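Undergrad: Okay, here's the structure, questions in a sec.
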Amino acid sequence: MPLCGLFMAACSTVSMTGRKQLSLVSESEVLAASLAEYQSYMQTAQLSTDAQATARVKGIAQRIAAAAEAYLKVSGQEADLQNYAWEFNLVNSPELNAFCMPGGKIVVYTGMVALAGNGADADDELAAVIGHEVGHAIAKHGQERASQQMLTSLGSQVLGTVTANSSSTIQQAVATAYGLGTQYGALLPFSRKHELEADYIGIVLATVAGYDADAAVTLWQKMEAVSTTSVPQFASTHPSSSKRISELQKNIPTVKATYGQAAQAAASSTSTTTSSTSSKSKTQSSKKSGTGYKIGN
Numbered sequence: 004m005p006l007c008g009l010f011m012a013a014c015s016t017v018s019m020t021g022r023k024q025l026s027l028v029s030e031s032e033v034l035a036a037s038l039a040e041y042q043s044y045m046q047t048a049q050l051s052t053d054a055q056a057t058a059r060v061k062g063i064a065q066r067i068a069a070a071a072e073a074y075l076k077v078s079g080q081e082a083d084l085q086n087y088a089w090e091f092n093l094v095n096s097p098e099l100n101a102f103c104m105p106g107g108k109i110v111v112y113t114g115m116v117a118l119a120g121n122g123a124d125a126d127d128e129l130a131a132v133i134g135h136e137v138g139h140a141i142a143k144h145g146q147e148r149a150s151q152q153m154l155t156s157l158g159s160q161v162l163g164t165v166t167a168n169s170s171s172t173i174q175q176a177v178a179t180a181y182g183l184g185t186q187y188g189a190l191l192p193f194s195r196k197h198e199l200e201a202d203y204i205g206i207v208l209a210t211v212a213g214y215d216a217d218a219a220v221t222l223w224q225k226m227e228a229v230s231t232t233s234v235p236q237f238a239s240t241h242p243s244s245s246k247r248i249s250e251l252q253k254n255i256p257t258v259k260a261t262y263g264q265a266a267q268a269a270a271s272s273t274s275t276t277t278s279s280t281s282s283k284s285k286t287q288s289s290k291k292s293g294t295g296y297k298i299g300n
């Protein structure tokens with residue numbers, strides 16, 4: 004990455020992929036700003052009143068969170084666990100959307116849950132979405148995108164000035180990082196890179212949690228089928244569905260071979276193993292009963 008060539012001291016590495024990322028903003032500042040953004044959002048968000056659906060999403064999210072914790076432990080990032088205070092919510096909205104803020108605040112929209120439908124793979128598809136969103140969090144994409152936003156907005160100012168940010172500047176950078184970028188040549192392509200990276204991490208987490216990673220492909224096939232937008236990929240913050248499907252199909256066999264056999268052992272190493280196992284039984288039962296959910300991404 005060119006920016007890391009300029010600011011080597013401000014770069015870190017995404018452990019699961021080995022990609023170098025820009026880190027001008029401290030993680031503690033991003034966590035504080037993200038929590039403020041999340042709390043503001045939840046003040047107006049309408050939570051789903053469907054108790055069964057809410058329990059289903061929370062059960063799947065708990066298993067994905069347990070898988071993320073297991074991965075952080077075995078990859079030598081156990082210290083990062085102190086930065087996560089997991090919270091799972093199902094928000095009543097027809098949008099095909101979900102998000103995970105830095106720090107582990109996960110929101111799934113009912114519109115996405117419905118997309119998964121009532122089929123046998125519905126829980127696996129939800130796991131792919133939630134895994135993708137948690138992937139953003141453990142890869143610290145929020146911190147990286149806030150760093151990019153700050154560097155872009157501050158232009159040619161020196162690194163010392165960039166890192167001497169006021170909290171209000173960081174707050175604005177975090178908010179912008181979760182919205183649309185403004186520059187096709189820099190911010191948008193990098194956002195697409197984040198999305199593909201989160202897709203990859205998502206199928207790893209889903210596999211470790213005991214879900215079928217192939218469901219990520221069927222999920223994006225459904226997304227492609229219902230898409231009504233015609234925005235060209237170069238002007239989009241997200242990769243095209245066909246691009247995502249192609250990358251997933253390429254990566255899934257390796258992910259299954261690498262993480263599949265170790266899934267149960269990895270899950271059992273977390274503090275939430277017992278509840279995760281219980282959730283698995285419940286979600287399998289819900290598959291048989293034909294209950295379905297929508298998920299966002």
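In this text, residue positions in the sequence shown follow our numbering: the first is 4, and each later residue adds one. Quick reminder that beta carbons are idealized off the backbone N, C-alpha and C, glycines included. Since this is a predicted model, take the numbers as computed values, not measurements.
Just the C-alpha distance for Asn-211 and Ser-43, rounded to the nearest angstrom, thanks.
TA: Residue 211 is actually Val in this sequence, not Asn. Each residue's Cα considered, the two are about 33 Å apart.
Undergrad: Would you mind sorting Lys-253 into buried or exposed? The rule is 16 or more other CB atoms within 10 Å of its CB.
TA: exposed
Undergrad: With a CB to CB cut of under 6 Å and the five nearest residues on each side skipped, what residues in its chain are close to Ser-222?
TA: Just to set this straight, residue 222 is Leu in the shown sequence, not Ser. Result list for Leu-222: Glu-128 and Ala-131, in chain order.
Undergrad: Got a sec? Which residues, its chain only, sit under 7 Å from Gly-263 by beta carbon, not counting five neighbours each side?
TA: Thr-210
Undergrad: What does DSSP give as the partner residues of Leu-251 in its beta bridges?
TA: According to DSSP, Leu-251 bridges with nothing at all.
Undergrad: Within a Cβ cutoff of 7 Å, which residues of the same chain sit near His-135, ignoring the five residues on either side of it in sequence?
TA: Ala-201, Asp-202, Gly-205 and Asn-300
Undergrad: With distances taken from CA atoms, which of Asp-53, Asn-95 and Ser-29 is nearest Thr-47?
TA: The shortest C-alpha separation from Thr-47 is found at Asn-95.
Undergrad: Shortest alpha-carbon distance to Glu-40 belongs to which of Ile-109, Leu-251 and Val-229?
TA: Ile-109
Undergrad: Using C-beta distances below 7 Å, list every residue in its chain close to Gln-49, excluding the 5 sequence neighbours before and after it, in chain order.
TA: Val-94 and Asn-95
Undergrad: Can you check which of these residues, Ser-244, Gly-62 and Asp-217, is closest to Gln-224 by C-alpha distance?
TA: Ser-244
Undergrad: Taking C-beta to C-beta, are Leu-208 and Val-116 nearer than 7 Å?
TA: The answer is no: Cβ separation not under 7 Å.
Undergrad: Could you tell me which uninterrupted beta strand (DSSP E) segments, each at least 3 residues in length, are contained entirely in the region 45–84, listed from first to last along the chain?
TA: none
Undergrad: Pull up the distance between the alpha-carbon of Ala-71 and that of Gly-106, whole angstroms please.
TA: About 12 Å.
Undergrad: Helix, strand or coil: which one does DSSP assign to Gln-224?
TA: Of the three classes helix, strand and coil, the one that applies to Gln-224 here is helix, per DSSP.
Undergrad: Indicate the three-state DSSP secondary structure (helix, strand or coil) for Met-104 in the structure shown.
TA: strand
Undergrad: Rounded to a whole number of angstroms, what is the C-alpha to C-alpha distance between Arg-22 and Gln-80?
TA: Each residue's alpha carbon lies about 16 Å from the other.
Undergrad: Considering only C-alpha positions, which residue in the set Tyr-87, Gln-85 and Val-111 is nearest to Pro-3?
TA: In the structure displayed, the chain extends from 4 to 300; residue 3 sits before or after that span and is not available.
Undergrad: Count the other CB atoms within 10 Å of the CB of Ser-194; is the residue buried (16 or more) or exposed (fewer)?
TA: buried
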